[in-house]
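Colleague:
Number of protein chains: 2
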Amino acid sequence: MSQIISESERAAFYKTVYSRRDVRREFLPKAIPKAVLSRILTAAHHAPSVGFMQPWDFIVIESDRTKAFVKQLFTEANQAAADMLTGERKKQYKRLKLEGIQEAPLNICVTCDRSRTGDFVLGRTSNLDMDLYSTVCAIQNLWLAARAENIGMGWVSILDENKLKQHLNIPERIIPVAYLCLGYVSQFHEKPDLERTGWLARRQVDQHLHSEKWQKD
Amino acid sequence: MSQIISESERAAFYKTVYSRRDVRREFLPKAIPKAVLSRILTAAHHAPSVGFMQPWDFIVIESDRTKAFVKQLFTEANQAAADMLTGERKKQYKRLKLEGIQEAPLNICVTCDRSRTGDFVLGRTSNLDMDLYSTVCAIQNLWLAARAENIGMGWVSILDENKLKQHLNIPERIIPVAYLCLGYVSQFHEKPDLERTGWLARRQVDQHLHSEKWQKD
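Chains as they are written, first to last, in our numbering: chain A, 1 to 217; chain B, 1 to 217.
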């Protein structure tokens, strides 16, 4: 395999990046073949990790019982979130669909083992959270690999982490970083749900660029 | 643009993922054209973000003075890290090259604005760190986009965050999540540096898979 990425290969990469969505509503009941799931998880496993720690694990969930439990966790946490809002914003929030836990054929809980490879982790000596960040790099690889397989993914972050941990028998030292829903989809929307529905606008990348030092706000 | 990712497009995506490396030693002094940098940062900006918060900023650094300052921060933090080790492991650590701050034509500090879009962030109500995780998703997009442009990148995590923040005039509420070095390279190695040099071994992805619940350790 040549090391050089060609122009057409680069275009394929960018197509994957720009057509990736956070999917909640469009899941189809079609099963994901084992070989496809294996490719997606192997790509996640080839993310960068601090000190080559590879701190992640993947709990693959297919049972309706576990999904129903997690959906209940979401419903509780989502009600609490809605109650932080008032008026029109609250109504707008409650109209949004924010998860596809039961519709997605597959759920994956991605965790971080904070003590994998021992006490000294190369590169984690100035910032202890680098292992969590490595796990998020694996999640983003997983998300893009799913998209490259024409599979949609949604990240459900509105959940009580401790209750989830207990239900999935996750040991104390292991942190659940993400709860993901995966499945084939009816479509990938052109724009993110929160942009389409007017929750917030897409910012321009130029607003986010600084030269040499932080520019005054 | 068709929504379907074809088999050859998927192969191009996986080629990018598997040939990405954490680069420290192989940077060439060749400048990165503005249009290429712009494509890389725009891909980063199209990462997923919690509540469509887009909390990231990118400080692009080219001056030798800033690079020399950051290199000094690395040298201090790296000495402190080495002093945590003893014997053969310490010798092995000190032989590793862990950054290419001054060799890389471009450095980028990626930050997270924790209060962007106000107090209520959709999806961040159960886990306050979701904005930091979104920023890491942008960093992984950036890393892969750089690779797709045949540009190497290294993440320097051995730095005092507060000193860096002060030097770059970064406001209190903004967190520097990553300090990155980018440039064209003489080669992308087949394996990560820490695997090639025997610091740690590549684990098998199967060791990281659990079905339905966490399997006993």
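Backbone N, C-alpha and C define an ideal beta-carbon position, used for all residues, glycine too.
If you run the structure through DSSP and keep just helix, strand and coil, what is SER19(A)?
Modeller: The residue given as residue 19(A) occupies position 19 in the first sequence. The answer is helix: DSSP assigns SER19(A) an H, G or I state.
Colleague: Between VAL121(B), ARG196(B), TYR184(B) and PHE13(B), which lies nearest to PRO105(B) when the distance is taken from Cα to Cα?
Modeller: Residue mapping note: residue 105(B) aligns to position 105 of the second sequence, counting from 1. Cα-wise, what sits closest to PRO105(B) is TYR184(B).
Colleague: How about ASN141(A) and ALA44(A): are their beta carbons less than 8 Å apart?
Modeller: Taking the first sequence and counting its residues from 1, one reaches residue 141(A) at position 141. Taking the first sequence and counting its residues from 1, one reaches residue 44(A) at position 44. The answer is yes: Cβ separation under 8 Å.
Colleague: For chain A, find out if any of its Cβ atoms is closer than 8 Å to the Cβ of GLY51(B); answer yes or no.
Modeller: In the second sequence, the residue the question calls residue 51(B) occupies position 51. Output row for GLY51(B): interface = yes.
Colleague: Would you mind sorting LYS67(B) into buried or exposed? The rule is 16 or more other CB atoms within 10 Å of its CB.
Modeller: Residue numbering aside, residue 67(B) sits at position 67 when the second sequence is read from its first letter. Looking at its Cβ environment, which holds 16 or more other Cβ atoms inside 10 Å, LYS67(B) is buried.
Colleague: For ARG20(B), which residues from the same chain have a beta carbon less than 7 Å from its beta carbon, with the 5 sequence-adjacent residues on both sides left out?
Modeller: In the second sequence, residue 20(B) corresponds to position 20, counting from 1. Once the five neighbours on either side are set aside, the close Cβ partners of ARG20(B) are TRP143, LEU144 and ARG147.
Colleague: Can you list, in chain order, the residues of its chain whose CB lies under 6 Å from that of LYS30(A), leaving out five sequence neighbours each side?
Modeller: As a working note, residue 30(A) is residue 30 in the first sequence. Excluding positions up to five away in sequence, the list reads TYR184.
Colleague: Using 8 Å as the Cβ pair cut-off and three pairs as the minimum, do the region 112–126 of chain B and the region 51–63 of chain B touch?
Modeller: Touching, yes.
Colleague: Below 8 Å CB to CB, which residues in the same chain sit around SER157(A) once its five sequence neighbours on both sides are set aside?
Modeller: The count along the first sequence starts at 1 and reaches residue 157(A) at position 157. Excluding residues within five positions, the ones whose Cβ falls inside 8 Å are ALA178 and TYR179.
Colleague: Should CYS137(B) be flagged as near chain A, meaning a C-beta pair shorter than 8 Å?
Modeller: Your numbering for residue 137(B) matches position 137 in the second sequence. Yes - at least one Cβ of chain A is within 8 Å of the one on CYS137(B).
Colleague: Rounded to whole angstroms, what's the CA-CA distance from GLU9(A) to TYR133(B)? Just pull it up for me.
Modeller: Residue mapping note: residue 9(A) aligns to position 9 of the first sequence, counting from 1. Residue mapping note: residue 133(B) aligns to position 133 of the second sequence, counting from 1. C-alpha separation (whole angstroms): 28 Å.
Colleague: Closest to HIS189(A) by C-alpha separation, out of ARG203(A), TYR18(A), LEU128(A) and MET130(A), would be which residue?
Modeller: Looking up residue 189(A) in the first sequence gives position 189. Residue TYR18(A) is the option with its Cα nearest to HIS189(A).
Colleague: Just mark ILE4(A) as buried or exposed, buried being the case when its beta carbon has 16 or more other beta carbons within 10 Å.
Modeller: On the first sequence, residue 4(A) is found 4 positions in, with the first residue counted as 1. Looking at its Cβ environment, which holds fewer than 16 other Cβ atoms inside 10 Å, ILE4(A) is exposed.
Colleague: Return the bridge partner residues of GLY152(B) from the DSSP annotation.
Modeller: As a working note, residue 152(B) is residue 152 in the second sequence. Paired residue(s): GLY183(B).
Colleague: Please state whether DSSP places SER211(B) in a helix, a strand or coil.
Modeller: In the second sequence, residue 211(B) corresponds to position 211, counting from 1. The answer is strand: DSSP assigns SER211(B) an E or B state.
Colleague: Does any CB atom of chain B fall closer than 8 Å to the CB of MET1(A)?
Modeller: If you number the first sequence from 1, residue 1(A) lands on position 1. In this prediction, MET1(A) scores a pLDDT of 48, lower than 50, which makes its location untrustworthy; the coordinate-derived value is nonetheless stated afterwards. With 8 Å as the cut-off, MET1(A) counts as an interface residue toward chain B.
Colleague: Excluding the 5 residues preceding and the 5 following LEU28(A) in the sequence, name in chain order all residues of the same chain whose CB lies nearer than 8 Å to its CB.
Modeller: Here residue 28(A) refers to the residue found at position 28 of the first sequence. Correct list, in chain order: GLY183, TYR184, VAL185 and SER186.
Colleague: Within 8 Å (strictly less), CB to CB, does GLY152(A) reach chain B?
Modeller: Along the first sequence, read from residue 1 onward, the residue named residue 152(A) stands at position 152. Not an interface residue.
Colleague: Counting only Cβ-Cβ distances shorter than 7 Å, please list the residues of the region 190–205 of chain A near chain B, keeping chain order.
Modeller: The residues in question are PRO192, LEU194, GLU195, TRP199, LEU200, ARG203 and VAL205.
Colleague: PRO171(A) CB to nearest chain B CB: under 8 Å?
Modeller: Numbered from its first residue, the first sequence carries residue 171(A) at position 171. At least one chain B Cβ lies under 8 Å of PRO171(A).
Colleague: Does GLU7(A) pass the burial test, meaning 16 or more other C-beta atoms within 10 Å, or should it be called exposed?
Modeller: On the first sequence, position 7 is the one that residue 7(A) refers to. That one is exposed.
Colleague: Between ALA12(B), PHE58(B), LEU41(B) and VAL36(B), which has its C-alpha nearest ILE175(B)'s C-alpha?
Modeller: Start at 1 with the first residue of the second sequence, and residue 175(B) comes out as number 175. Cα-wise, what sits closest to ILE175(B) is PHE58(B).
Colleague: Among LYS213(B), ASN78(B) and GLU149(B), which one has its Cα closest to the Cα of LEU122(A)?
Modeller: For this step, residue 122(A) is matched to residue 122 along the first sequence. The residue with the shortest Cα to Cα distance from LEU122(A) is ASN78(B).
Colleague: By how many angstroms is the C-alpha of CYS137(B) removed from the C-alpha of MET1(B)?
Modeller: As a position in the second sequence, residue 1(B) is number 1, starting the count at 1. As a position in the second sequence, residue 137(B) is number 137, starting the count at 1. Reliability fails at MET1(B), whose pLDDT of 48 lies under 50, so the model's placement of it is uncertain and no value is given.
Colleague: For the beta strand (DSSP E) that contains ASP64(A), what are its first and last residues?
Modeller: The residue you call residue 64(A) lines up with position 64 of the first sequence. That residue, ASP64(A), is in no beta strand (DSSP E); its alpha helix (DSSP H) goes 64–82.
Colleague: Which residue marks the beginning of the alpha helix (DSSP H) containing LEU37(B), and which one marks its end?
Modeller: If you number the second sequence from 1, residue 37(B) lands on position 37. Run containing LEU37(B): 34–45, per the alpha helix (DSSP H) assignment.
Colleague: Ignore the nearest five residues each way along the sequence and tell me which others in ARG173(A)'s own chain have a CB closer than 6 Å to its CB.
Modeller: Walking along the first sequence from the start, residue 173(A) turns up at place 173. Result list for ARG173(A): ARG114 and SER115, in chain order.
Colleague: Please list, in chain order, the chain A residues whose beta carbon lies closer than 9 Å to that of ILE5(B).
Modeller: Looking up residue 5(B) in the second sequence gives position 5. Residues of chain A passing the Cβ test: ALA12, LYS15, THR16, SER19, ARG147, ALA148, GLU149 and ASN150.
Colleague: Based on the DSSP output, what are the partners of ASP113(A) in its beta bridges?
Modeller: Taking the first residue of the first sequence as 1, we reach residue 113(A) at position 113. The partner list for ASP113(A) (beta bridge, DSSP) reads ILE174(A).
Colleague: Let me see if you follow: with CB-CB separation under 8 Å, is LEU142(A) close to chain B or not?
Modeller: Residue 142(A) sits at position 142 when you count from the first residue of the first sequence. Output row for LEU142(A): interface = no.
Colleague: Assess contact between the region 150–170 of chain A and the region 155–170 of chain B, defined as three or more Cβ pairs (one per stretch) separated by less than 8 Å. Is contact present?
Modeller: No, the region 150–170 of chain A does not touch the region 155–170 of chain B.
Colleague: Using a cut-off of 9 Å between C-beta atoms, extract the partners of LYS213(A) located in chain C.
Modeller: Among the protein chains of the structure shown, namely A and B, there is no chain C.
Colleague: Return the chain-ordered list of same chain residues with a C-beta closer than 7 Å to the C-beta of ARG196(A), the five sequence neighbours on each side being excluded.
Modeller: Within the first sequence, numbered from 1, the residue matching residue 196(A) stands at position 196. The answer, listed in chain order, is HIS189.
Colleague: Based on Cα-Cα distance, which residue from LEU98(A), ALA82(A) and THR111(A) lies nearest to TRP155(A)?
Modeller: For the purposes of this step, residue 155(A) is identified with residue 155 of the first sequence, where counting begins at 1. Nearest C-alpha to TRP155(A): LEU98(A).
Colleague: What residues are listed by DSSP as bridge partners for ASP57(B)?
Modeller: Taking the first residue of the second sequence as position 1, residue 57(B) is located at position 57. Paired residues: THR111(B).
Colleague: Hey, SER63(B) and GLU212(A) are a contact pair by Cβ (cut 8 Å); roughly how many whole angstroms apart?
Modeller: Taking the first residue of the second sequence as 1, we reach residue 63(B) at position 63. Taking the first residue of the first sequence as 1, we reach residue 212(A) at position 212. Rounded, the Cβ-Cβ distance is 6 Å, consistent with contact.
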